[in-house]
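One structure is given here, and the rest of the page talks about it.
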DNA sequence: CTGGTCGCAACCATATGTGTTACGACAGGC
DNA sequence: GCCTGTCGTAACACATATGGTTGCGACCAG
């Protein structure tokens, strides 16, 4: 499984924006977020673009532009983020269709698909249980020693 | 997420071997299995090699060689197969460590790791609930119209 | 008009998954 | 002892995904 870090980075970005706004700022720039994530601003803009299409954030252009939350952190779950940034399924079936003349080749795909559907449903329920506010609180609960935001 | 088909193919191979043995045969060759899966025998040998290292199958070499189950299909769960063929985690953290001077960058990794650990545990429980015998029975329950095994 | 930021395309490097060929290792049958 | 069929494994090719980077036009407050 070539696990990617999209869900992690998206949660990081949303958490960062949420905390930044809580501190009284209007919008956060992709460069600020990229600095915290330690990556390129374009990577952040790409991810936030997905989140914007999912209605989780809004972007403002022009001078003083940047990103802001479209909803309260409390109303966003990791499932919302997951659906916004991870289109594909968790497990894939065969890439070439198996031998339909064979009993196993014939019946294995529906059988596995049913199992995978159930697992994805469980995963979604699990992701839906965690809000971004939970994540922020967990982040702030880290044993910090007077660290600054930037 | 670049989902792969390893779990699917491994379950297919084990199911095939199980049914083949139930029909009275001693061992199954990677070429027979590959024919049902519709792929190259080397792909099957690679996967079965992982399963052998996990103690799920045994291989015999020389003339009349092939693969056989090391345990009853009933005693194998999809979790056993998953652990044998999928080493990595489901979700990745940042590839570059985030800014440790930032509160979010500092606390986000432990927070997300805790969440991911919980999710993987749920996934494992779900996979452990399905035995390969369940899969075979599900496969055989497909609306077949007098199909032959080979 | 200017400056700062987003939006997006294009490209590159790397990693991974899968298929394929090749060939040595092995063991049973002759 | 040799033949034959199969495994074991390395090596390579190819496609795709991911993440990083550069470049540049679009946009808008001042």
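Residue numbers (our numbering), protein chains in the order written: chain G, -4 to 145; chain H, -4 to 145.
From the three backbone atoms N, C-alpha and C, an ideal C-beta is built for every residue, glycine too.
These numbers come from a predicted model, not from an experiment.
Following the DSSP letters along the chain, one finds residue 61 of chain H inside the beta strand (DSSP E) bounded by residues 61 to 64.
Annotation: Cβ neighbours of residue 102 of chain G in chain H (cutoff 8 Å, chain order): 133, 134, 135, 136, 137, 139. In the DSSP assignment, residue 54 of chain H falls within the beta strand (DSSP E) that extends over 52 to 55. In this structure, the CA atom of residue 115 of chain G is about 43 Å from the CA atom of residue 57 of chain H. Residue environment analysis places residue 59 of chain H among the exposed positions, since fewer than 16 neighbouring C-beta atoms fall within 10 angstroms of its C-beta.
Contact annotation: the region 85 to 97 of chain G does not touch the region 38 to 53 of chain G, with fewer than three C-beta pairs closer than 8 Å.
Apart from the 5 residues on each side of it in sequence, residue 111 of chain H sits with its Cβ closer than 6 Å to the Cβ of 86 in its chain, given in chain order. For residue 95 of chain H, there is no enclosing alpha helix (DSSP H), as DSSP marks it with neither H nor E. Inside the region 92 to 136 of chain G, DSSP marks whole alpha helix (DSSP H) runs of 4 or more residues at positions 98 to 123, 127 to 135, from first to last along the chain.
For residue -3 of chain G, the secondary structure class from DSSP, reduced to helix, strand or coil, is strand. DSSP places residue 3 of chain H within a helical segment (H, G or I) once states are collapsed to three. Proximity to residue 72 of chain G across G:135, G:121, G:38 peaks at G:121, based on C-alpha coordinates. Rounded to the nearest whole angstrom, the CA to CA distance from residue 137 of chain H to residue 108 of chain G is 13 Å. If you compare the alpha carbons of G:75, G:23, G:27, G:100 with that of residue 55 of chain G, the shortest gap goes to G:23. Where residue 27 of chain G is concerned, the enclosing alpha helix (DSSP H) starts and stops at 25 to 32. Residue range 36 to 48 is occupied by the alpha helix (DSSP H) that includes residue 36 of chain H. Taking every protein chain shown into account, the CB of residue 75 of chain G has 16 or more other CB atoms within 10 angstroms, so this residue is buried. Shown here for residue 125 of chain H: same chain residues with a beta carbon closer than 7 Å to its own, the five before and five after excluded, namely 72, 73 in chain order. Following the DSSP letters along the chain, one finds residue 75 of chain G inside the alpha helix (DSSP H) bounded by residues 73 to 80. Ranked by Cα distance from residue 80 of chain G, the options G:104, G:39, G:102, G:27 are led by G:39. Flagged as an interface residue toward chain G: residue 121 of chain H, by a C-beta distance shorter than 8 Å. Under the 8 Å criterion on CB atoms, residue 36 of chain G is classed as non-interfacial with respect to chain H. Within chain H, the residues whose beta carbon sits less than 7 Å from that of residue 90 of chain G are 0, listed in sequence order.
Collapsing the DSSP output to three states places residue 8 of chain H in a helix.
In this model, residue 99 of chain G and residue 42 of chain G are separated by some 41 Å (Cα to Cα). In this structure, DSSP gives residue 19 of chain H a state outside helix and strand, which the three-state scheme calls coil.
For residue 6 of chain G, same chain residues with a beta-carbon under 8 Å away, outside a window of 5 residues either side, are 73, 76, 127, 130 in chain order.
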